[in-house]
Amino acid sequence: MAEPQAAAARILFVGDVVGGLGRRTLLDCLPLLRERYAPTFVVVNAENIAGGVGITPKIADELLAKGIDAITLGNHTYRRKDIYPYLDSQPRIVRPANFLRSQPGHGTCVIERDGLRLGVVNLSGNLYLRAGRSAFTEVEVALGELDEVDHVLVDMHAEATSEKVAMGWHLDGRVTAVLGTHTHVPTADARVLPQGTAYITDVGMTGPRGGVIGVKREQAIESLLTQMPVRFETSEEDPWLMGALVSCSQRLRADSIEQVLMPRPPATAGPDGRPL
Ligand SMILES: [Fe+2]
Ligand SMILES: [Fe+2]
């Protein structure tokens, strides 16, 4: 067997950025994370960045201008109509590859930095989420689209832990990392699988820990208590950045994965402790 090729890289992946506060938290933490981890690539799931649901071209442009290499999405991809043409024209933003082919956008991209090529694949689970095709069959097509890549990051955006764990095993040894998103709550199972794929069921979200997966907690509780429709707003309490760092020395293999859990730096909070 041929020796695996060297391809040293660090991939920082940030989980679901929720609302303007999540966006500010990401941008405030990013310089610290760059200093601490020196990531080669930074990939961000931004499906909740526009007021809690969806993304707009203006916000996507801002993230890319601030040095985010690629943006992944999920079940909230199509909440803002003005993003539809952008999804087709901007190569560095991906929506789940197992959505219907007729839906706007694409499910894979390749980004290049420091002479290394990173393939990014976005998938949606099929349990309790609307995805037109199977993540498990369509991932083969998606991987086939990635040309001459050194590393592959798969964002498995899914509700069910079973689908995410299964996808990790399914792709073990074939991609660098399978990282879960969507539940907004980080899980304690980060590890490198036996064939070298970094895995975590959910990296968590970037946004207010003081709410209920991003929503103001009193509104979420009222909805659950009354069983009546409640207008949800994004919580503004206790913002954190959550993600994972994958370190690699060989092509398509991870050496390690560590969770990244960082409160928004206090300098950016007001005198009462509430975020600016
Ligand atoms: Fe989300
Ligand atoms: Fe989601």
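For reference, each letter of the sequence shown is one residue, going 246 to 521 in this note's numbering.
Think of the CB as a built atom: it goes at the ideal place given N, C-alpha and C, for glycine as much as any other residue.
Since we're looking at a predicted model, the values are computed, not measured.
Could you name the residues of the same chain whose beta carbon sits closer than 6 Å to that of residue i, not counting the 5 residues immediately before and after it, in chain order?
i, result
"N320", "L374"
"R462", "G456"
"V475", "Q464, E467, S468"
"M576", "Residue coverage of the chain in this structure runs from 246 to 521, which leaves residue 576 outside it and unanswerable."
Looking only at its own chain, which residues have a Cβ that is under 7 Å from the Cβ of residue i, when we skip the five neighbours before and after it?
i, result
"D417", "L438, P439, Q440, T442"
"A283", "R255"
"S480", "P453, G455, G456, G459, V460, K461, R462"
In whole angstroms, what separates the C-alpha of residue i from that of residue j?
i, j, result
"A435", "L469", "31 Å"
"I313", "L497", "21 Å"
"K326", "Q348", "12 Å"
"D332", "T426", "It is worth fixing the name first, because residue 332 is Leu in this sequence and not Asp. If I take the Cα positions, the gap works out to 20 Å."
"D395", "A252", "6 Å"
"R419", "C274", "31 Å"
"E393", "P302", "29 Å"
"L361", "A489", "20 Å"
"R346", "Q250", "34 Å"
"I300", "R340", "11 Å"
Once the 5 residues before and after residue i are set aside, which same chain residues still bring their CB inside 8 Å of it?
i, result
"E383", "A342, N343, G352, L368"
"I466", "V457"
"A305", "A291, I316, I328, Y331, Q335, I338"
"A499", "T421, A422, V437, G441, T442, A443, V491, S492, C493"
Could you say which of the options lies nearest to residue i if we only look at CA atoms?
i, options, result
"T446", "G459, T428, R454", "T428"
"T406", "E385, Y444, A387", "Y444"
"F381", "G364, H402, H396", "H402"
"G449", "C354, R378, R419, F258", "F258"
"R509", "L278, A253, A252", "L278"
"L308", "Y323, R340, G452, L271", "L271"
"V298", "G452, E385, L372", "G452"
"R358", "R281, V287, T432", "V287"
What's the call for residue i, buried or exposed, on a 16-neighbour Cβ count within 10 Å?
i, result
"T317", "buried"
"S494", "exposed"
"S379", "exposed"
"A387", "buried"
"K311", "exposed"
"T471", "exposed"
"G364", "buried"
"P511", "exposed"
Is it true that the segment 293 to 308 meets the segment 256 to 265, where meeting means three or more beta-carbon pairs spaced less than 8 Å apart? A contact between stretches requires three or more CB pairs, one per stretch, nearer than 8 Å, and the segment 293 to 308 meets this requirement with the segment 256 to 265.
| query | Would you call the segment 476 to 496 and the segment 264 to 281 in contact, with 3 or more CB pairs under 8 Å? | reply | Touching, per the Cβ criterion.
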